[in-house]
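With my numbering applied, the sequence shown corresponds to residues 547 to 731, in that order.
Think of the CB as a built atom: it goes at the ideal place given N, C-alpha and C, for glycine as much as any other residue.
Before any comments, here is the structure.
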Amino acid sequence: MSPSVLFAQNANDPIELAIVVRVPTYTGKINFLSKQMHNPELSLQKKAKFQNSLNKTIEKRNDYFNLIKNGFNSYFKTCEVYYIPDTLYKEHLDGNSNVFINDSAEIQSFNTEGKKFIYILQGKDEYQLLLTDRDGNKLQKPWPYMKNTFLAAFKLLLDKEAYINNQIRYFDEKIAKLKPGTLQN
547 MSPSVLFAQN
557 ANDPIELAIV
567 VRVPTYTGKI
577 NFLSKQMHNP
587 ELSLQKKAKF
597 QNSLNKTIEK
607 RNDYFNLIKN
617 GFNSYFKTCE
627 VYYIPDTLYK
637 EHLDGNSNVF
647 INDSAEIQSF
657 NTEGKKFIYI
667 LQGKDEYQLL
677 LTDRDGNKLQ
687 KPWPYMKNTF
697 LAAFKLLLDK
707 EAYINNQIRY
717 FDEKIAKLKP
727 GTLQN
């Protein structure tokens with residue numbers, strides 16, 4: 547898929563580009579921990595451990611969404627950004643527009659008519675961001691795929707926010723160079 551196809555079917559018919567960021571929800575883990583807490587065969591001590599684990603998982607999910615949202619709000623200006631929980635990703639691909647996460651972390655429908663989506667998915671862990679097509683495939687050059695980071699694991703341990711924001715800035719800079727008007731055939 548060439549960038550010009552994403553930006554214009556012809557010079558007089560531009561297509562508005564938008565990014566969809568798939569956000570991990572840890573739903574499987576949360577459901578498992580919730581079930582275990584209601585298991586009558588478990589001791590109060592074990593239930594308390596499951597409750598603690600559940601609380602940490604929910605906190606991790608919420609912190610990650612806020613980290614991603616704040617990073618994109620601060621450092622990504624090239625096009626609109628939508629957030630979608632991983633559990634509703636397939637519904638989005640099937641055309642459902644009532645699957646996006648709003649700023650209050652609630653599911654909401656947005657009018658996305660006429661938009662051409664490219665996707666930010668998670669790579670080897672939730673902190674590695676990849677720019678892909680709807681099926682998770684790498685886009686053709688000149689589209690960026692990922693930010694190569696020297697000593698990525700070390701940088702991630704030191705400062706997750708800076709690590710994420712660095713990737714977001716990278717995608718913004720690379721995609722901005724492909725904006726309409728500079729890349730129409």
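If you draw a straight line from the C-alpha of glutamine 730 to the C-alpha of leucine 685, how long is it? Bear in mind that a pLDDT of 35 at glutamine 730, under 50, signals an unreliable position, so the number given afterwards is only what the model happens to contain. Rounded to whole angstroms, glutamine 730 to leucine 685 spans 18 Å at the Cα level.
Does DSSP put alanine 564 in a helix, in a strand, or in coil? Judged by DSSP in its simplified three-state form, alanine 564 adopts strand.
Helix, strand or coil: which one does DSSP assign to lysine 602? Residue state, collapsed to three classes: helix.
Nearest neighbour of proline 570, chosen from Gly660, Lys670, Asp718, Pro690 [CA to CA]: Lys670
For phenylalanine 663, which residues from the same chain have a beta carbon less than 6 Å from its beta carbon, with the 5 sequence-adjacent residues on both sides left out? Ala564, Val566
Examine chain C for any beta-carbon lying closer than 8 Å to the beta-carbon of leucine 724, and answer yes or no. Of the protein chains in the structure, only one exists, and it is not chain C.
Arginine 568 and aspartate 640 look like a contact to me (Cβ under 8 Å); what is the Cβ gap, rounded to whole Å? Wrong, their Cβ atoms sit about 15 Å apart, outside the cutoff.
From what residue to what residue does the beta strand (DSSP E) around leucine 639 run? That residue, leucine 639, is in no beta strand (DSSP E); its alpha helix (DSSP H) goes 635-639.
Quick one: Cα of leucine 721 to Cα of lysine 687, how far? The sequence shown places isoleucine at residue 721, rather than the leucine named in the question. Cα-Cα distance, rounded: 11 Å.
Test item: CB-CB of tyrosine 665 and aspartate 649 under 8 Å: Cβ distance not < 8 Å, so tyrosine 665 and aspartate 649 don't count as in contact.
Measure the C-alpha to C-alpha separation of phenylalanine 618 and valine 627 and round it to an integer number of angstroms. 8 Å
With a threshold of 7 Å on Cβ separation, who are the neighbours of glycine 682 within its own chain once the five nearest residues in sequence on each side are excluded? Leu667
Simplified DSSP state of threonine 573, which is helix, strand or coil: Three-state DSSP puts threonine 573 in a helix.
Just to confirm, is the Cβ distance from valine 711 to lysine 693 under 8 Å? According to the sequence shown, residue 711 is asparagine rather than valine. Contact flag unset, no.
Residue range of the alpha helix (DSSP H) that tyrosine 716 falls in? 706-722
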